[in-house]
Structure formats: C-alpha cells, structure tokens
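Chemist:
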Amino acid sequence: MKALTYHRYGTPDVLSWADVEQPVPGPHDVLLRVRAASLNQADLFMLHGSPRIARLAFGVGRPKATILGRDVAGVVEAIGSHVTRFRPGDEVFGEVEQRGFAEYVTAPAANLAPKPAGLSFADAATLPVAATTALQALRLAGIEAKAEPRAEAEPRAEAGTGPRAEAGTKGETGTEAGTGTEAGTGTGTGTSAGTGTGTGTGTGTGTGTGRTVLINGASGGVGTFAVQIARALGATVTGVCRTRNVDLVRELGAERVIDYTREDLAATTGRFDAIIDLAGSHSLAAMRRLLTPRGVYIAATGNGGPLLGPVPRLLGVFLGGPRLRVLAAKRDVGDLALLAGMVERGEVSPAIERTYPLSEARAALWHLEREHARGKIALSL
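FYI, the numbering for the sequence shown is 281 to 661, going by the working numbering.
(1) Going residue by residue through the stretch 559-640, where are the continuous beta strand (DSSP E) segments of at least 3 residues, counting only ones entirely within it?
(2) Are the CB atoms of GLY655 and GLU640 within a distance shorter than 8 Å?
(3) Just mark LYS344 as buried or exposed, buried being the case when its beta carbon has 16 or more other beta carbons within 10 Å.
(4) Going straight from the alpha carbon of PRO394 to that of ASP544, what length do you get?
(5) By DSSP's criteria, ASN496 is part of a beta bridge. Which residues make up the other side?
(6) From ALA337 to THR406, what does the alpha carbon distance come to, in whole angstroms?
(7) On a Cα-Cα basis, can you pick out the residue from THR285, ARG574, SER629, ALA411 that is closest to ASP299?
(8) Can you give me the C-alpha to C-alpha distance between LEU513 and THR413, rounded to a whole angstrom?
(9) DSSP on GLY655, reduced to helix/strand/coil?
(10) What is the rounded straight-line gap between the Cα of GLY476 and the Cα of SER629?
(11) Is it the case that the stretch 288-298 contacts the stretch 542-560, given that we only count it when at least three CB pairs across the two stretches are under 8 Å?
(12) Classify ALA402: buried if its beta carbon has 16 or more other beta carbons within 10 angstroms, exposed otherwise.
(13) Can you tell me where the alpha helix (DSSP H) with ASP527 in it begins and where it stops?
(14) Looking at C-alpha atoms only, which residue of GLY374, THR489, PHE381, ALA565 is the closest neighbour of ALA425?
(15) Hey, would you say ALA631 sits closer than 8 Å to PRO396, going by beta carbons?
(16) Taking the alpha-carbon positions, what's the MET567 to LYS282 distance?
(17) So, helix, strand or coil for VAL409, using DSSP?
(18) Looking at the C-beta of ARG332, does it have a partner C-beta in chain C at a distance below 8 Å?
(19) If you count every other CB in all the chains shown that lies within 10 Å of the CB of LEU570, and 16 or more means buried, which is it?
(20) Is it the case that the Cβ atoms of LEU607 and ILE509 are separated by a distance below 8 Å?
(21) Relative to the C-alpha of PHE325, which residue among VAL304, ARG350, HIS308 is closest?
(22) Can you tell me where the beta strand (DSSP E) with ASP351 in it begins and where it stops?
(23) How should PHE598 be labelled, buried or exposed, when 16 other C-beta atoms within 10 angstroms of its C-beta is the threshold for buried?
(24) With which residues is PHE373 paired in a DSSP beta bridge?
(25) With respect to the beta strand (DSSP E) encompassing LEU251, which residues constitute its N-terminal and C-terminal limits?
(26) Taking three-plus beta-carbon pairs below 8 Å as touching, is the stretch 518-535 in contact with the stretch 492-507?
(27) Buried or exposed: where does GLY484 fall if 16 or more other Cβ atoms within 10 Å of its Cβ makes it buried?
(28) Reducing DSSP to helix, strand and coil, say where LEU420 ends up.
(29) Could you spell out where the alpha helix (DSSP H) holding ILE538 opens and where it closes?
(30) For VAL376 versus ALA387, is the C-beta spacing smaller than 8 Å?
(31) Could you please give the first and the last residue of the uninterrupted alpha helix (DSSP H) stretch that includes ALA323?
(32) Relative to the C-alpha of GLY369, which candidate in HIS362, VAL355, GLY380 has its C-alpha closest?
(33) Please report how far the alpha carbon of PRO637 lies from the alpha carbon of HIS652, in whole angstroms.
(34) Would the C-beta of ARG365 count as close to the ligand NAP, meaning under 7 Å from any of its heavy atoms?
(35) Who pairs with ALA387 in a beta bridge, going by DSSP?
(36) Excluding sequence positions up to five away, which residues of its chain have a Cβ less than 6 Å from the Cβ of THR516?
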C-alpha cells in the first residue's frame with residue numbers, strides 16, 4: 281500500500297509517498313481502507329520533533345512513528361477475530377495512533393464510531409481530535425451536551441484511552457500552544473464554514489444556557505468547533521481572532537468577535553463564565569481578570585519555546601487554583617457519536633478550508649505550517 285512516510289525530523293519536505301507493508305488487524309482491531317483524513321498541528325510537531333522534550337516520547341534521535349495522521353474516516357476492510365461491533369463494508373471514523381496518512385490503517389474497534397450516512401468522509405475525518413477537544417474543553421468548564429448512548433465497547437480497553445500525548449501547537453496569535461489545537465488564518469478554496477450555524481439561537485440542549493463563553497483562538501480547527509458547540513448548547517459566545525477571520529467566526533455563531541490586531545483582549549470590559557484558551561496569547565493573570573467570580577479558565581494550550589513547549593504554562597495553571605484547569609483531551613467513542621449527531625442535526629458544520637488528495641499531503645502540511653488554517657484541512661482518497 282501507499283503511505284506518507286518520514287524517517288528523520290524536519291519540514292514537510294522530508295516526507296515521501298512510499299510503498300509500505302499493509303498492516304494486519306489484531307484480534308480486537310479492524311483494518312480500515314482510508315477514504316479521508318484531516319490534519320492537526322500535532323502532526324507538524326511530530327514531524328519536527330518539537331518541542332525537544334517531546335522527543336523522549338517521539339524518539340530521541342529519529343522518530344519512532346514513521347507515518348503521521350490521527351484523524352481518519354473510511355470503510356472497514358477486515359476485522360479481528362474478537363470484533364463484534366463492525367463488519368466489512370461498514371463506514372466508520374475515529375482517531376488512530378498515527379499511521380492515518382496511508383491507504384490502509386488498523387485501529388482498535390473500540391476507538392471507532394459508525395459514520396452516519398449523511399456525513400461525508402471528509403467531514404467525519406475532521407471530528408476525532410479537534411471537535412472532541414472542543415467538546416471536552418467546554419465540558420470541563422461545566423457546559424455539557426446531553427450524552428448520546430454509548431457504543432458497546434469491544435472486550436478490551438483500547439490503547440490511548442487516557443489523555444492524548446499531544447505536542448504543543450501554534451495558536452491563533454502565532455504563539456506556541458498546547459494540546460493538538462490549531463488556529464490561525466489562511467486563504468484557500470474548499471467548503472465554506474458555518475453554513476446554517478451563525479444565525480438564530482442555540483438549541484439549549486445542554487448546560488450552557490445563560491452562560492458567557494470566551495473562545496481565544498476561535499478560527500482554528502478546535503476553535504471553529506468550540507464556537508459552534510458552545511452556541512448549540514445555549515451559551516453566549518465571544519470569539520477572538522484576527523481581522524480576516526472575523527466574519528467567519530461571527531457566521532459560526534459568535535455574538536461578539538474581538539479582533540486581537542485592533543483590540544487588546546486583556547483590556548476588554550467583558551467578564552466570562554468560561555474561557556477556553558486555544559492560543560495561550562496572554563498571561564494567566566490577565567485571563568483570570570476576565571472571569572466572573574465563579575468563572576473557570578480552561579487551558580487547552582500553553583505558551584512555550586523549542587525546548588519545553590507548553591510545560592511552564594501548564595504548570596502555572598496547575599498551581600493557579602481550582603478555577604484554572606488544564607484540559608487532558610482523550611479518545612471517547614461516545615463523544616464521537618454525540619458530535620456526529622450534532623453535525624447531522626445542523627448544529628455543527630465542520631469548517632474545512634481546503635481538501636487535498638492524500639498523495640498531496642506534503643503540500644497540505646506546508647499549507648498548515650506556512651498559513652496556519654482557517655478551520656480544518658482535509659485529505660481525501
């Protein structure tokens with residue numbers, strides 16, 4: 281099979297489209313024919329081996345993983361002997377442990393969810409990392425959706441059910457940030473974001489009604505989902521982004537948009553019940569001052585340099601008291617089902633800036649690195 285491989289750290293130019301051995305599913309796994317994937321900033325940090333401290337996990341001298349890609353959607357090709365939830369031909373989506381930028385990938389069946397018929401493969405592939413991160417950040421802030429029925433798990437706990445081991449990312453402001461989120465700007469073609477989500481009122485099918493939420497880094501992959509999910513759960517949303525993305529964030533459902541190139545977020549007079557920080561652009565003290573007396577700050581990122589990445593900022597959050605919290609996003613097939621339902625009902629619309637063929641994934645990663653992303657970048661087969 282073909283896969284996008286790399287054997288040393290570097291820019292997207294170190295990647296090559298190569299023939300590799302097709303994986304064989306274990307007893308609890310499925311073999312998935314990949315139909316779509318999506319990019320996350322964590323892919324770039326894996327590629328670069330950045331921050332340096334992360335190489336203790338990625339591989340000190342050279343990368344342990346040789347194929348990038350966590351977000352996938354596709355068709356079940358074969359199943360392991362103990363798999364009962366899926367059959368060959370089923371359409372599924374979920375997060376894999378790297379190796380997603382390939383024609384085929386194996387994954388524990390417990391990590392995958394059925395893809396609704398009305399959801400495209402590309403749309404489904406944008407959900408596993410970015411949308412679940414947004415959903416879980418809001419949940420940590422006390423803004424929750426009504427849970428979908430949990431899919432029956434296979435009789436084995438899948439690897440990686442704990443917090444994702446994500447490298448830091450670059451936020452909307454260009455600062456080093458934390459857990460697999462991405463923000464920023466960019467131009468390009470592709471599906472417009474926010475159709476049908478920017479007008480009217482939220483559904484109020486959660487605990488967000490009457491709550492005020494600030495999304496810092498609102499135009500990136502996680503941010504575009506966070507704005508829509510918070511609005512769908514009844515919250516009043518303020519988004520922070522740069523000038524070129526103001527209209528997008530407003531269309532996605534933000535009642536107020538702060539253009540950080542023209543207005544200092546730290547000087548705003550607003551106070552918020554929850555701050556979801558996807559950019560890490562201001563000090564923790566400045567963020568704390570923007571909270572209501574019972575408000576909570578969720579750090580989904582952290583400023584950092586090339587050596588330690590987000591560690592210093594996240595340590596500051598840990599030591600900052602109960603109203604400052606660190607998001608440890610994790611795989612959750614129940615969250616995937618919940619999010620798919622929100623997309624089917626029109627409450628959430630994946631903001632895909634551009635879709636590349638998988639064979640052009642190197643160009644897609646250059647796009648992400650040089651221009652950041654206005655929403656998500658998808659790959660198709």
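Heads up, the beta-carbon is just placed ideally off N, CA and C, and yes, glycines get one too. Here the structure is a predicted model, which means the values were calculated and not measured.
Modeler: Well, looking at it:
(1) 571-579, 604-606, 632-637
(2) no
(3) exposed
(4) 43 Å
(5) VAL520, ASP557
(6) 25 Å
(7) THR285
(8) 16 Å
(9) coil
(10) Only weak support is given to the placement of GLY476: the predicted model assigns it a pLDDT of 36, under 50, and the question is left unresolved by the model.
(11) no
(12) buried
(13) 526-531
(14) THR489
(15) no
(16) 46 Å
(17) helix
(18) You won't find chain C in this structure, because it holds only one protein chain.
(19) buried
(20) no
(21) ARG350
(22) 351-359
(23) exposed
(24) ALA353, ALA393
(25) Beyond the ends of the chain as shown, which are 281 and 661, falls residue 251; an answer cannot be given.
(26) yes
(27) Per-residue confidence for GLY484 stands at a pLDDT of 44, beneath the threshold of 50, marking its modelled position as unreliable; no derived number is given.
(28) helix
(29) Careful: ILE538 lies outside any alpha helix (DSSP H), inside the beta strand (DSSP E) at 536-539.
(30) yes
(31) What sits at residue 323 in the sequence shown is Asp, not Ala. Note, ASP323: alpha helix (DSSP H), 321-328.
(32) VAL355
(33) 18 Å
(34) Ligands displayed in this structure: none; no statement on the ligand NAP is therefore possible.
(35) VAL310
(36) THR492, GLU535
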